[in-house]
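Chemist:
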Amino acid sequence: MSTTCYLANMLTTSLSPTVKLSDFVPQPTSLATLLFSILRTAFIMLVAENPILWMIQQRWLNPQLDMEGPFYVVGSPNRQIADGKAQIASISELKESTPFLFTFSVKDPKGDPIPNVRFQWWQANSGGSYYHASYKLRGHFTTDAEGNAEVMTVRPGVYGPEGHKRAGHAHITMKDSAGNFKTLTTQAYVCTANNPSDLHPDIVNYLRSPRFSNVVRAWSIPSASNGQPLLDLPELSEEDYDTMKKVDWWNTRLAESGCKMQIVGGGHMTYSMTPRTGFFGF
Numbered sequence: 001m002s003t004t005c006y007l008a009n010m011l012t013t014s015l016s017p018t019v020k021l022s023d024f025v026p027q028p029t030s031l032a033t034l035l036f037s038i039l040r041t042a043f044i045m046l047v048a049e050n051p052i053l054w055m056i057q058q059r060w061l062n063p064q065l066d067m068e069g070p071f072y073v074v075g076s077p078n079r080q081i082a083d084g085k086a087q088i089a090s091i092s093e094l095k096e097s098t099p100f101l102f103t104f105s106v107k108d109p110k111g112d113p114i115p116n117v118r119f120q121w122w123q124a125n126s127g128g129s130y131y132h133a134s135y136k137l138r139g140h141f142t143t144d145a146e147g148n149a150e151v152m153t154v155r156p157g158v159y160g161p162e163g164h165k166r167a168g169h170a171h172i173t174m175k176d177s178a179g180n181f182k183t184l185t186t187q188a189y190v191c192t193a194n195n196p197s198d199l200h201p202d203i204v205n206y207l208r209s210p211r212f213s214n215v216v217r218a219w220s221i222p223s224a225s226n227g228q229p230l231l232d233l234p235e236l237s238e239e240d241y242d243t244m245k246k247v248d249w250w251n252t253r254l255a256e257s258g259c260k261m262q263i264v265g266g267g268h269m270t271y272s273m274t275p276r277t278g279f280f281g282f
């Protein structure tokens, strides 16, 4: 894309209807919701994610499949703010932490985009803590007609026992609106300097092999963080006009919302969903 085309796209973006970010207060989760979520998680971990059954049933289906884990809470709110765009972190959370922009593309095995894929999203904060008493850093949204999504959130932090830390990641489940593909449960990992060796100490490796294919192709913008690259990530190339356009759109929304911070890092991930086959779509 030429510089002229990039500027034209920027002008088109600036003339589009204004979308404002929200400083929403995350809804509290009820006791009934938490109890149901605990029971559901117990079933998932004992049955669907039982290590033996996982090895037999799951490992051959899709290399991007990953375990759901114990931190899912049912009933997350809609965080969609525009077509293919979602705000997971509130303005207050963005001010307290590191604004991070995930971008996603969802395709079929042939490489064709899958439209209107619903994402369920949950993650830890930048300090590695999950929230259960509220829907903080949790939500759902839908990709656009081209299977693309942009997610404004905070950098997910590392957590876990010493020697078995888990790289920062977001948990995701995906379902296509037409029901032509199998639900994809996965995780998007953000590794230091994009080095997949961050996955080696992961305690979950005792249950399944490391998911190197789920490492996000991440980047940083040192000029937005006192000249320091986030997590030693490579600097976003000025020639990546498409990503630069997305960053500019979100930075404009941040400024309009009174947030003086700008995006300091982000990353892209392309997912491939597995078609349903056989009787009853299995």
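Going by full-length UniProt numbering, the sequence shown opens with residue 1, and the numbers climb by one from there. Beta carbons: idealized from backbone N, C-alpha and C, even for Gly.
#1: What is the C-beta distance between Gln120 and Ser76, in whole angstroms, given that I count them as a contact (C-beta under 8 Å)?
#2: Alpha carbon to alpha carbon, what distance is there between Gly111 and Gln262?
#3: Buried or exposed for Gln228, please, with buried defined as at least 16 other CB atoms from any protein chain shown within 10 angstroms of its CB.
#4: Starting from Val247, trace the alpha helix (DSSP H) in both directions and tell me its first and last residue.
#5: Which same chain residues, not among the five before or five after Thr274, have their C-beta less than 8 Å away from its C-beta?
#6: Which class does Met273 belong to by DSSP, given the choice of helix, strand or coil?
#7: Grab the span of the alpha helix (DSSP H) containing Lys95 for me, first residue to last.
#8: So who's on the other strand from Glu150, going by DSSP bridges?
#9: Check for me: the alpha helix (DSSP H) holding Leu34 runs from which residue to which?
#10: Using the Cβ count rule (16 or more neighbours within 10 Å means buried), how would you classify Gly147?
#11: How is Ser76 classed by DSSP in three states: helix, strand or coil?
#12: Rounded to whole angstroms, what's the CA-CA distance from Arg276 to Ser105? Just pull it up for me.
#13: Taking 8 Å as the limit between beta carbons, can you name the residues of its chain near Thr33, skipping five residues before and five after?
#14: Got a sec, what are the start and stop residues for the beta strand (DSSP E) Lys260 sits in?
#15: Do Glu93 and Val151 have their C-beta atoms within less than 7 Å of each other?
#16: Pair every Cβ in the segment 198-217 with every Cβ in the segment 127-141, then say whether three or more of these pairs are closer than 8 Å.
#17: In chain order, what residues of the same chain have a beta carbon less than 6 Å from the beta carbon of Ala149, not counting five sequence neighbours either side?
#18: Give a yes or no on whether the C-beta atoms belonging to Gly139 and Arg79 are separated by under 7 Å.
#19: If we ignore side chains and look at the alpha-carbon of each, how far apart do His115 and Ala82 end up?
#20: Return the first residue and the last residue of the beta strand (DSSP E) that Gln123 is part of.
#21: Can you give me the C-alpha to C-alpha distance between Ser220 and Ala89, rounded to a whole angstrom?
#22: In this structure, what does DSSP give as the bridge partners for Gln187?
#23: Counting C-beta neighbours from all protein chains within 10 Å, is the total for Thr186 16 or more, i.e. buried, or is it exposed?
#24: Bridge partners of Val215, per DSSP?
#25: Kindly indicate which three-state DSSP category Ser197 falls into: helix, strand or coil?
#26: Look up His268 in the DSSP assignment and say whether it is helix, strand or coil.
#27: Just grab the DSSP bridge partners of Arg166 for me.
Modeler: The relevant details are as follows:
#1: Confirmed, about 6 Å.
#2: Rounded to the nearest angstrom, the two C-alpha atoms are 33 Å apart.
#3: In the assembly as shown, Gln228 is an exposed residue. Its beta-carbon has fewer than 16 other beta-carbons within 10 Å.
#4: Start and end: Tyr241 to Glu256.
#5: Once the five neighbours on either side are set aside, the close Cβ partners of Thr274 are Leu61, Asn62, Pro109, Phe181, Lys182 and Leu184.
#6: Three-state result, Met273: coil.
#7: Here the alpha helix (DSSP H) through Lys95 covers Ile91 to Glu96.
#8: The beta-bridge partner set that DSSP reports for Glu150 consists of Lys85 and Thr103.
#9: Counting along the chain, the alpha helix (DSSP H) containing Leu34 begins and ends at Leu31 to Phe43.
#10: Gly147 is buried by the Cβ-count criterion.
#11: The answer is coil: DSSP assigns Ser76 none of H, G, I, E or B.
#12: If you take the alpha carbons of Arg276 and Ser105, they lie about 19 Å apart.
#13: Cβ-Cβ distances below 8 Å link Thr33 to Val73, Val74 and Gly75 in the same chain, with the five nearest sequence neighbours on each side left out; the list follows chain order.
#14: Careful: Lys260 lies outside any beta strand (DSSP E) and carries neither H nor E.
#15: With a cutoff of 7 Å on beta-carbon distance, Glu93 and Val151 are scored as not near each other.
#16: Counting Cβ pairs under 8 Å, fewer than three are found: no touch.
#17: So the list reads Gly84, Phe104 and Thr143, once near-sequence residues are dropped.
#18: Going by C-beta atoms, Gly139 is nearer than 7 Å to Arg79.
#19: It should be pointed out that residue 115 corresponds to Pro in this sequence rather than to His. Rounded to whole angstroms, the separation of the alpha carbons of Ala82 and Pro115 is 15 Å.
#20: For Gln123, the enclosing beta strand (DSSP E) stretches over residues Val117 to Gln123.
#21: Whole-angstrom Cα-Cα distance: 19 Å.
#22: Looking at the DSSP output, Gln187 bridges to His171.
#23: That one is buried.
#24: In the DSSP output, where bridge partners are listed per residue, Val215 has Tyr189.
#25: Correct three-state label for Ser197: helix.
#26: The answer is strand: DSSP assigns His268 an E or B state.
#27: Bridge partners of Arg166: Tyr159.
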